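Chemist: Numbering (the working numbering), first residue to last: 5 to 332.
Glycine included, each C-beta is placed from N, C-alpha and C at the ideal position.
These numbers were taken from a predicted model, which means no experiment stands behind them.
The structure's right below; bear with me while I get my questions together.
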Ligand SMILES: O=C(O)CCC(=O)C(=O)O
Ligand SMILES: [Fe+2]
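This is the structure:
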């Protein structure tokens, strides 16, 4: 059962002091995640149809539960799966048929009342859903086919979320909200944070040259603070994190699939740091009529963004030029 108690004053002051707080049992595994898992079973079913039709797959593994079926089918088919399951567009190479998953259960998840009640305690009652949002379903690193290795399926190097948005949003109170759907532990790649690192500035990020994290922008080794704290979490637990908190997603060294969502919320009216992508008003006391409660309109806003970006010039999603001496 998810708890209905609000965030405690101690939890809020931990966030202020440390730049993060894990709130246990905020979401209900059955009612909040059940419909989402069912929706992803359908997405996987469609991928399996295609892989089978294309001759990449001989066994549909029909009877396996979602994460095991994903592992079994992806390791045989050696096809990418992350973008068809993500809840956002990628940052480059967008086509009219770039897949994304914009189902009604995901929209409900973004609007989970318990989650928004908690978010309200951090940023106030005028809540905008920031479009920097992902789902990361990570196979064991040792079994992940190279064809399926992307920023969503690989481990994530040290970074600050403020470092992966455009600088017009530097002063915005964008709150990162991260939660696991499956257990996340040190072995299968939970998050790790540097407590207190949000109190210092944004530090230089470089483009990774490591084949395992290629394409990511991350903090060069000498600038990562030494005190790193892994945060094992259970399904239902939610991490709230400041935009300047240094963090990473540990490698999945287990034989289990590790699945998380990372969402972001901010006060209405501030830049999002990704202006080409659509956000929406999730809650408003001042203008309740502005709240987006129509799943189809939300999905259509992403489809319209896809169409614009597919036909337009490439837009610049990140500020780092790589000319810092740290990036050599
Ligand atoms: O889930 C991960 O591995 C990384 C997530 C992350 O960096 C974020 O949510 O901001
Ligand atoms: Fe992050």
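#1: Tell me the rounded alpha-carbon separation between residue 308 and residue 317.
#2: Which ranges does the alpha helix (DSSP H) cover as unbroken runs of at least 4 residues, wholly within the stretch 104-129, from first to last along the chain?
#3: Can you name the residues that DSSP bridges to residue 133?
#4: Can you give me the C-alpha to C-alpha distance between residue 41 and residue 184, rounded to a whole angstrom?
#5: If you run the structure through DSSP and keep just helix, strand and coil, what is residue 252?
#6: Would you mind listing the beta strand (DSSP E) stretches within the stretch 294-320 that are 3+ residues and don't spill past its ends, in chain order?
#7: Based on Cα-Cα distance, which residue from 254, 182, 151, 211 lies nearest to residue 196?
#8: Less than 8 Å between the beta carbons of residue 218 and residue 143, yes or no?
#9: So, with DSSP's three-state summary, where would you put residue 186?
#10: Short check: CB of residue 222 to CB of residue 209, under 8 Å?
#11: Run the CB neighbour count on residue 62, radius 10 Å, all protein chains shown included, and call it buried at 16 or more, exposed below.
#12: Per the DSSP calculation, residue 264 is bridged to which residue(s)?
#13: Using the Cα positions of residue 119 and residue 294, report the straight-line distance between them to the nearest angstrom.
#14: Thinking C-beta only, is residue 268 closer than 8 Å to residue 181?
#15: Of the residues 64, 244, 139, which one's Cα is nearest the Cα of residue 2?
#16: Once the 5 residues before and after residue 103 are set aside, which same chain residues still bring their CB inside 6 Å of it?
#17: Can you check the stretch 164-224 for any beta strand (DSSP E) of at least 3 residues that lies completely inside it and give the ranges in chain order?
#18: Can you round the beta-carbon distance between residue 171 and residue 276 to whole angstroms, since I take them to be within the 8 Å contact cut?
#19: Three or more C-beta pairs under 8 Å: does that hold for the stretch 138-156 against the stretch 222-241?
#20: So, residue 99 versus residue 314, is the Cβ gap smaller than 8 Å?
#21: Taking Cβ positions, are residue 270 and residue 179 nearer each other than 8 Å?
#22: Assign residue 40 to one of three DSSP states: helix, strand, or coil.
#23: Tell me the DSSP secondary structure of residue 234 in three-state form.
#24: Tell me whether residue 38 is buried or exposed, calling it buried when 16 or more other Cβ atoms sit within 10 Å of its Cβ.
#25: Can you check whether the CB of residue 44 is closer than 8 Å to the CB of residue 70?
#26: Please go through the same chain and pick out, in chain order, the residues whose beta-carbon is closer than 6 Å to the beta-carbon of residue 33, but skip the five residues on each side of it.
#27: For a test of the three-state rule: what should DSSP assign to residue 243, helix, strand or coil?
#28: DSSP has residue 78 in a bridge; who is on the other side?
#29: Could you have a look at residue 27 and say whether DSSP puts it in helix, strand or coil?
#30: Kindly indicate which three-state DSSP category residue 324 falls into: helix, strand or coil?
Modeler: Taking the definition as stated:
#1: Computed Cα separation, rounded: 15 Å.
#2: Runs of the alpha helix (DSSP H) inside the stretch 104-129: 108-114, 117-127.
#3: 269, 284.
#4: The straight-line gap from Cα to Cα measures roughly 12 Å.
#5: DSSP, reduced to helix, strand and coil, places residue 252 within a strand of the structure shown.
#6: Given a length threshold of 3 residues, the stretch 294-320 has no whole run of the beta strand (DSSP E) inside it.
#7: The shortest CA-to-CA distance from residue 196 to any of 254, 182, 151, 211 is the one to 254.
#8: In terms of Cβ geometry, residue 218 and residue 143 do not form a close pair [threshold 8 Å].
#9: Coil, per DSSP.
#10: Cβ distance < 8 Å, so residue 222 and residue 209 count as in contact.
#11: With fewer than 16 other CB atoms across the displayed protein chains lying within 10 angstroms of its CB, residue 62 is exposed.
#12: The partner list for residue 264 (beta bridge, DSSP) reads 140, 184.
#13: Straight across, the Cα-Cα distance linking residue 119 with residue 294 is about 19 Å.
#14: Cβ distance < 8 Å, so residue 181 and residue 268 count as in contact.
#15: A question about residue 2 goes unanswered here, because the residues of the chain that appear run from 5 up to 332.
#16: Cβ neighbours of residue 103 beyond the five flanking positions: 87, 88.
#17: Segments of the beta strand (DSSP E) lying fully in the stretch 164-224: 179-184, 195-197.
#18: Not confirmed; about 12 Å, so no contact.
#19: Touching, no, given that fewer than three Cβ pairs across the two stretches are closer than 8 Å.
#20: Between residue 99 and residue 314, the C-beta gap is smaller than 8 Å, which places the two residues in contact.
#21: In contact: residue 270 and residue 179 (Cβ atoms closer than 8 Å).
#22: Note: residue 40 maps to helix in three-state DSSP.
#23: Three-state result, residue 234: strand.
#24: Flag for residue 38 reads exposed.
#25: In this structure, residue 70 places its C-beta atom within 8 Å of the C-beta atom of residue 44.
#26: So the list reads 239, 240, once near-sequence residues are dropped.
#27: Of the three classes helix, strand and coil, the one that applies to residue 243 here is strand, per DSSP.
#28: In the DSSP output, where bridge partners are listed per residue, residue 78 has none listed.
#29: In the three-state DSSP reduction, residue 27 falls in the strand class (E or B).
#30: The answer is coil: DSSP assigns residue 324 none of H, G, I, E or B.
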